[in-house]
Each structure stands twice: as structure tokens, then as C-alpha cells.
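Mapping of the sequence shown onto my numbering: position 6 corresponds to residue 488, and the numbering continues sequentially without gaps.
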Amino acid sequence: TQTLPASRGRILDRNGLVLATSVALPTVKVDTKLFAAEPPQRKAMARLLGMSLAEFDERLEPGGTVLLRRHVEEAAWTEVKAIAQAHNLKGLVEEREYRRRYPEGEAAAHVVGYTDSDDIGRAGVELLLQHELEGHKGQRTVVRDRLGRVVEDVGDIALPRHGSDITLSIDSKIQFDAWKRARDAVIAHNAKAASVVVLDSATGEVLAMANYPGADPNKRGGNAATLLQNRAASDASEPGSTMKPFTIARALDSKRVSPGSLIETAPGRLVVTGTTITDAHPHGTLTVSEVLQKSSNVGTAKLALAMERQELWETYAALGLGQKPRIEFPHVATGKLRAWKTWRPTDHARVSFGYSASASVLQMARAYTVFARDGDIAPLTLLRRQPTDAGDGAEMAVRSVPGQPVFSATTARQVREMLRLAASPGGTAPDLQRLTLGYSVAGKTGTAKKLVGSEYVDGKYRAWFVGLAPVSTPRIVVAVMVDEPRNGKYYAGDVAAPVFSQVVQQTLRAMGVPPDLDVKSQIVSHDIPAVQESF
483 TQTLPASRGR ILDRNGLVLA TSVALPTVKV DTKLFAAEPP QRKAMARLLG
533 MSLAEFDERL EPGGTVLLRR HVEEAAWTEV KAIAQAHNLK GLVEEREYRR
583 RYPEGEAAAH VVGYTDSDDI GRAGVELLLQ HELEGHKGQR TVVRDRLGRV
633 VEDVGDIALP RHGSDITLSI DSKIQFDAWK RARDAVIAHN AKAASVVVLD
683 SATGEVLAMA NYPGADPNKR GGNAATLLQN RAASDASEPG STMKPFTIAR
733 ALDSKRVSPG SLIETAPGRL VVTGTTITDA HPHGTLTVSE VLQKSSNVGT
783 AKLALAMERQ ELWETYAALG LGQKPRIEFP HVATGKLRAW KTWRPTDHAR
833 VSFGYSASAS VLQMARAYTV FARDGDIAPL TLLRRQPTDA GDGAEMAVRS
883 VPGQPVFSAT TARQVREMLR LAASPGGTAP DLQRLTLGYS VAGKTGTAKK
933 LVGSEYVDGK YRAWFVGLAP VSTPRIVVAV MVDEPRNGKY YAGDVAAPVF
983 SQVVQQTLRA MGVPPDLDVK SQIVSHDIPA VQESF
């Protein structure tokens, strides 16, 4: 009985480019009764098959027909056959088995995942959609001659059934650029790791989800499982000041304040049941807009403490914090959002500016779609959304994917304008708009101390930036997190915001979004000092 191999389905990006495919390669077996190679010939074959002579000989010891090597590259198998032919060696048997190939290598590995030697998905989309992707082998009954050659089919043939192709929402060009920017940030800042998520804010499609460091799934080593864990989706940490826009949005939406309402933040300190909340330096009296622009912990905490705990908790929960994202991906993080009844006054204040809660980069990116979509939050998908009809009307149908309302449209637009100010002179990322040539941007920095065990450690930080572009008609949300930059700079405005800028420009150009700013007017000859961020 001879097995007929089945091909695993391909994984494609949104434009039909191949992210994973299967190639039929020789698996070499040996009939030891017929194989009579001398040591020099065995040594040459072993080298071509990537084995030592001792390992080669050990494989032959059981006798009978034994497996020598699986998934041999065609060039190596051709040379092995040439040696056998030159020395009239019998007993080599070739069978075909499929092996996975990943054309995008490390850049897409954290999304696509990988399969093991038996073609079973072990991570990423390969694991998640195993049943759709896997093929089902066929078989036939044959008669072989003494040299292992098939001379006759006998009986019925059960044909193999190949796996189904899967089309992702990922754009391979955007994915590669996001991965490259994450890699460059890790190298430039001597950081432990970096993650970047890019969302189509209108459809909720994930255009990129990149991490560095990683591994090439075509050349996996023993630590592949750890390196290919998609930290952007599976790891949660305290997001720091990137939480502030949600707190301020709830204060605005409840009509407690307006963007111009005054908040007294002097002397830059606020004592809450014995715990002192501080700003990086005193700001005095700020408007609500300036509280966000200057990233004032004191101002944000005062707004939060004016609200009921349950109200604030329900806002964060509506944004998906503390809940597992509903997305087609394995091992996504839930994050931490403790029940509001357990909040002490210090928790009530600190959660408003990104402590006492945690979220993944993917969760934060999704949460910011509420500002890009005029108040409702997008449903996420890693699979490409299909239009219902052809032509321009279908494109509009795709872009009207309904979301869950959280804030009013007026509130979302007001916060969007505040986020634009935060990314302009006078904010914590003042160079961001100047660096993002052609496109208006809005977003928020977050520099959070790392919690190691039960203590916050000086000198260990995570630098966050989450934002959207273009501001007037947002098309994308981009979230960046750089873990533990150790090269002198650690503020998010210096570390994460430039990554955001680079990714925004590349993504919008790849999507064919026309620039909404005059490039010449953006070019200036001096750097603008950042407002020091409070954390």
C-alpha cells in the first residue's frame, strides 16, 4: 500500500501573495538487503544529506527498509542518485512528502506560525486553522519489483484531498515594513524587544502584526517556539499614558467637563490616601485639552476621581480591556482589569493613567479605533473581509463594518484633536508631525516603568505610542511598544513615536491614500523640545 501525499493549503496575504506554501520533497528510504555502499560512498551521501557518517550507518542498523532522511532538497537528492548510479548501488527508495515554505521568512513568522515535521500547525495561523489547511492523504495498492519500482497498480485508488487556501487581512508589504521598523528600533535603542500592530480602522482588519526578535520558520532551531510567540497579541503590560485619552473621553462624554475646562495641577503633586501622584514638572492650571497634550498625571487623576469607579471600569471594559480579543488567533492575552469593587482610591487614580491595569499591543490598537471611527470600536479580524458586490459600491460596503458604540461622535472628534496636539509642538512627541511627511497624525505617548515581581524598577521602561492617521479622515491605527530601551533614551517620544511615523507613511502610501498635508510646509531646520512625560 502506497501513501499518496496531500498538500497543505496555502496561506495568502490580502493581495494574493504567498505567505506559506507546500513543496513536495524527496524522503529517502533504504532497503538494507540491497544497499551495499562502501565507506567512501556512504560518507559522500551522508554529507549531502546533512548527516555524519556515524549517524548514516546508525540509520541502517535495524535492517529491512529503513528511513534515511526526510525532506531532502532536490539538488542534494540529485547528487545522491548520481553517486548511486556511478557505483551501481541498489536499494535507495524515493517517496515524496510535502514540506512548508515561508517566502516572507522572519518578517511574517509571528502571524503565519509554522508546522512541525509531520505538517501539523504548531503556532500562529498554521495552528489556528489547522483543520482548514491540512490535507488528507490518499493511497493506492501497487506491485513493486525487487528494486522498489512500481510495476503495476492493483485495486482502487483513493485520491488525496488537498487543504484549503486561506487569505489573511495582512498586507505583506506593510507587514515587512512594520517588522523592519521594530527591528531597527531594537537595534538603535539596545532594547529587549519591540512590537508593532497596524489596523485598518474602518474594517478592523489587521494589516500587520510584527515583533522583533524572532526566528525564520524556514530555519527553525530549538528555541523556535519561544521566538515565534506573537508578543503583540500574547503579552500584556501596563500601557502607561496611552490610557489617558480614554479617561478624558469619559469625562467629556458625561458632560462633566469640556475641552476648555480648567484643571488645577499645581504644585505637580496629588496625594491619594497616602500615595503621591506626580507630574514630571509642575504645569499649573491646564485646560482639559492641555492635560492630555502635556500628559499630566495629576490632571488625569483628578478627572478620574470625579467619576464613579464603576463608570470608569465600564468604559475600559467597553474598549475591550480585561477581555480576550475576539480574533482568529491563538493564545491572545486577556490583560488585567480588576473588578471595580476591588479598586482602592489609589487604584482608581492610577488606572486612569495606565497603571494597575495591563493590555497587549493588539488590544491598545483596537481600543484607539474608537477615536478613528467617531466613537465606536472596530471588530478585529485577521482574515480578509470580502466585499458583497463588485466596484466602488462594494468598497464602501466593506468600509461600513459596524462597531460597538462607546463614546459620542463629538467626544471622539474632540479627543482626536487633543491627540493631534499631543503629537505637535507643545506635546510629548513634538517632532512627530514634522517627521511624518504628507500625512496628519494624532496619538499619545506612554512611558511606563516595568513591574518586576512586585516592584517597579528604576531604569527599566516600556515605551508606547498609539495613534491614527490621517486625522481628518482616519484610515489606520498604529500601536508601537519598545520593551526596555537601554541606550540612553527611554521616553516614548524619542523611542516609539519615530517608529509610528515611519510605519504610518509606508502604510498609507501602500494603501494608496493621498497625502493631506503640504510636504514643503512641514520641513523645518530645528528640533522642538518635547514636554517631559509624566509616568
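In this text, a Cβ means the ideal position worked out from N, Cα and C, and glycines have one as well.
None of the values given here were measured: they were computed from a predicted structure.
TODO: For residue 1023, count neighbouring C-beta atoms within 10 Å of its own C-beta (all shown protein chains included) and say buried if the count is 16 or more, exposed if not.
DONE: With the chain represented from 483 up to 1017, any question about residue 1023 goes unanswered, as that position is not in the structure.
Task: Inter-residue Cα distance where the pair is residue 746 and residue 498 - done: As a first step, residue 746 is located in the sequence shown; it is residue number 264 there, counting from the start. As a first step, residue 498 is located in the sequence shown; it is residue number 16 there, counting from the start. Roughly 55 Å between the two C-alpha positions.
Task: Which of helix, strand or coil DSSP assigns to residue 499 - done: Residue mapping note: residue 499 aligns to position 17 of the sequence shown, counting from 1. Secondary structure at residue 499: coil, using DSSP grouped into helix, strand and coil.
TODO: Going by DSSP, name the residue or residues bridged to residue 887.
DONE: Translated into the one-based positions of the sequence shown, residue 887 becomes position 405. Answer is 858.
Task: Distance between residue 633 and residue 623 (C-alpha atoms, nearest Å) - done: By 1-based counting over the sequence shown, the position of residue 623 is 141. By 1-based counting over the sequence shown, the position of residue 633 is 151. The alpha-carbon atoms of residue 623 and residue 633 are separated by roughly 11 Å.
Task: C-alpha gap between residue 835 and residue 504, whole angstroms - done: Here residue 835 is taken as the residue at index 353 of the sequence shown, counted from 1. Here residue 504 is taken as the residue at index 22 of the sequence shown, counted from 1. Straight-line Cα distance between these residues: approximately 48 Å.
TODO: Mark residue 727 as exposed unless 16 or more other C-beta atoms lie within 10 angstroms of its C-beta, in which case mark it buried.
DONE: Indexing the sequence shown from 1 puts residue 727 at position 245. Burial is judged here by how many other beta carbons sit within 10 angstroms of a residue's own beta carbon; residue 727 has at least 16 and is buried.
TODO: Please classify residue 485: is it buried, with 16 or more other beta-carbons within 10 angstroms of its beta-carbon, or exposed?
DONE: Mapped onto the sequence shown, residue 485 falls at position 3. Residue 485 should be labelled exposed.
- [ ] Check whether the region 814-823 touches the region 929-945, taking contact to mean three or more Cβ pairs, one atom from each stretch, closer than 8 Å.
- [x] Counting Cβ pairs under 8 Å, fewer than three are found: no touch.
Open item on the list: Relative to the C-alpha of residue 551, which candidate in 720, 541, 490, 491 has its C-alpha closest?
Closed with: For this step, residue 551 is matched to residue 69 along the sequence shown. Of the listed residues, the one whose Cα sits closest to residue 551 is 541.
Task: Residues near residue 661 by beta carbon distance below 6 Å, same chain, minus five either side - done: Here the question's residue 661 lines up with position 179 in the sequence shown. Around residue 661: 589, 692.
Task: Exposure label - residue 877; buried when at least 16 CB within 10 Å - done: For the purposes of this step, residue 877 is taken as residue 395 along the sequence shown, with counting starting at 1. A caution first: residue 877 carries a pLDDT of 46, below 50, which makes its placement in the model unreliable, though a value can still be read off. Exposed.
Open item on the list: Please give the ranges of any beta strand (DSSP E) in the region 909-959, keeping only runs that are unbroken, at least 3 residues long and fully inside the region.
Closed with: DSSP runs (the beta strand (DSSP E)) wholly in the region 909-959: 924-934, 937-951.
Task: Alpha-carbon to alpha-carbon, residue 620 and residue 793 - done: The residue labelled residue 793 in the question sits at position 311 within the sequence shown. The residue labelled residue 620 in the question sits at position 138 within the sequence shown. Computed Cα separation, rounded: 59 Å.
- [ ] Within the region 781-846, note down every full alpha helix (DSSP H) run reaching 4 residues or more, in order along the chain.
- [x] Counting only unbroken stretches of 4 or more residues, the alpha helix (DSSP H) elements lying wholly within the region 781-846 are 791-800, 827-832, in sequence order.
Open item on the list: Does the contact criterion of 3 or more C-beta pairs under 8 Å hold for the region 844-863 versus the region 950-957?
Closed with: As far as the Cβ criterion goes, the region 844-863 touches the region 950-957, which means the pair count is three or higher.
TODO: Determine the closest residue to residue 922 out of 982, 673, 861, with distance taken between C-alpha atoms.
DONE: Here residue 922 is taken as the residue at index 440 of the sequence shown, counted from 1. For the set 982, 673, 861, the Cα lying nearest the Cα of residue 922 is the one of 982.
Open item on the list: For residue 790, count the other beta carbons within 10 Å of its own beta carbon; 16 or more makes it buried, fewer makes it exposed. Which is it?
Closed with: Taking the first residue of the sequence shown as position 1, residue 790 is located at position 308. Its Cβ having fewer than 16 others within 10 Å, residue 790 is exposed.
- [ ] Might you give, ordered along the chain, the residues of its own chain that have their beta carbon closer than 7 Å to the beta carbon of residue 891, omitting 5 neighbours on each side?
- [x] Taking the sequence shown and counting its residues from 1, the one referred to as residue 891 is at position 409. Result list for residue 891: 856, 857, in chain order.
- [ ] Alpha carbon to alpha carbon, how far is residue 843 from residue 526? Give it in angstroms, no decimals.
- [x] Residue mapping note: residue 526 aligns to position 44 of the sequence shown, counting from 1. Residue mapping note: residue 843 aligns to position 361 of the sequence shown, counting from 1. For residue 526 and residue 843, the distance between alpha carbons rounds to 51 Å.
Task: Span of the alpha helix (DSSP H), counted from its first residue to its last, around residue 771 - done: Indexing the sequence shown from 1 puts residue 771 at position 289. For residue 771, the uninterrupted alpha helix (DSSP H) run begins and ends at 770-776, by DSSP.
Task: Helix, strand or coil at residue 972 according to DSSP, with G and I counted as helix - done: For the purposes of this step, residue 972 is taken as the residue at position 490 of the sequence shown. Reduced to three states, the DSSP call for residue 972 is coil.
- [ ] Classify residue 441 as helix, strand or coil using the three-state DSSP reduction.
- [x] One cannot answer for residue 441 here, as it falls past the ends of the chain, which runs 483 to 1017.
Task: Three-state class that DSSP yields for residue 599 in the structure shown - done: Along the sequence shown, read from residue 1 onward, the residue named residue 599 stands at position 117. Looking at residue 599 - three-state DSSP - the assignment turns out to be coil, as it is neither helix nor strand.
- [ ] Go ahead and pull the three-state DSSP assignment for residue 525.
- [x] Reading the sequence shown from its first residue, position 43 is the one you call residue 525. Helix at residue 525.
- [ ] Write down the C-beta distance between residue 557 and residue 957 rounded to the nearest angstrom, noting that I regard them as a contact closer than 8 Å.
- [x] For this step, residue 557 is matched to residue 75 along the sequence shown. For this step, residue 957 is matched to residue 475 along the sequence shown. Beta-carbon to beta-carbon, residue 557 and residue 957 are separated by about 46 Å, too far to satisfy the 8 Å threshold.
- [ ] Taking only the alpha-carbon atoms, compute the straight-line gap between residue 562 and residue 671 and give it to the nearest angstrom.
- [x] Stepping through the sequence shown from its first residue, residue 562 is reached at position 80. Stepping through the sequence shown from its first residue, residue 671 is reached at position 189. If you take the alpha carbons of residue 562 and residue 671, they lie about 48 Å apart.
Open item on the list: Taking the beta strand (DSSP E) that residue 634 belongs to, which residues open and close that run?
Closed with: Walking along the sequence shown from the start, residue 634 turns up at place 152. 632-640 is the extent of the beta strand (DSSP E) around residue 634.
Open item on the list: Suppose the cutoff is 6 Å on Cβ atoms and the five residues either side in sequence are ignored; what does the same chain contact list for residue 964 look like?
Closed with: Walking along the sequence shown from the start, residue 964 turns up at place 482. Within the same chain, residue 964 has close Cβ partners 667, 673, 676, 945, 977, 978.
Open item on the list: Less than 6 Å between C-beta atoms, sequence neighbours within five positions excluded: which residues of the same chain meet that for residue 573?
Closed with: Against the sequence shown, residue 573 aligns to sequence position 91. Result list for residue 573: 512, 513, 516, 517, in chain order.
TODO: Could you tell me whether the Cβ atoms of residue 824 and residue 686 are closer together than 7 Å?
DONE: Residue mapping note: residue 824 aligns to position 342 of the sequence shown, counting from 1. Residue mapping note: residue 686 aligns to position 204 of the sequence shown, counting from 1. Against a cut-off of 7 Å, the Cβ pair of residue 686 and residue 824 comes out as no contact.
Open item on the list: Assuming the contact rule is C-beta atoms closer than 8 Å, residue 612 and residue 569 should be a hit. Round their C-beta distance to whole Å, please.
Closed with: Within the sequence shown, the letter at position 130 stands for residue 612. Within the sequence shown, the letter at position 87 stands for residue 569. Taking C-beta atoms under 8 Å as the contact rule, residue 612 and residue 569 fail to qualify, at a distance of about 44 Å.
Open item on the list: Taking the straight line between their C-alpha atoms, what separation do you get for residue 645 and residue 591?
Closed with: Looking up residue 645 in the sequence shown gives position 163. Looking up residue 591 in the sequence shown gives position 109. Take the alpha-carbon of residue 645 and the one of residue 591: they are about 20 Å apart.
Task: DSSP-derived helix/strand/coil call for residue 584 - done: Numbered from 1 along the sequence shown, position 102 holds the residue referred to as residue 584. Looking at residue 584 - three-state DSSP - the assignment turns out to be coil, as it is neither helix nor strand.
Task: Residue closest to residue 607, alpha-carbon to alpha-carbon, out of 756, 888, 652, 887 - done: Here the question's residue 607 lines up with position 125 in the sequence shown. Considering only alpha carbons, the answer is 652.
- [ ] Would you kindly check if the distance between the Cβ of residue 959 and the Cβ of residue 681 is under 7 Å?
- [x] By 1-based counting over the sequence shown, the position of residue 681 is 199. By 1-based counting over the sequence shown, the position of residue 959 is 477. A contact, by the Cβ cut-off of 7 Å.
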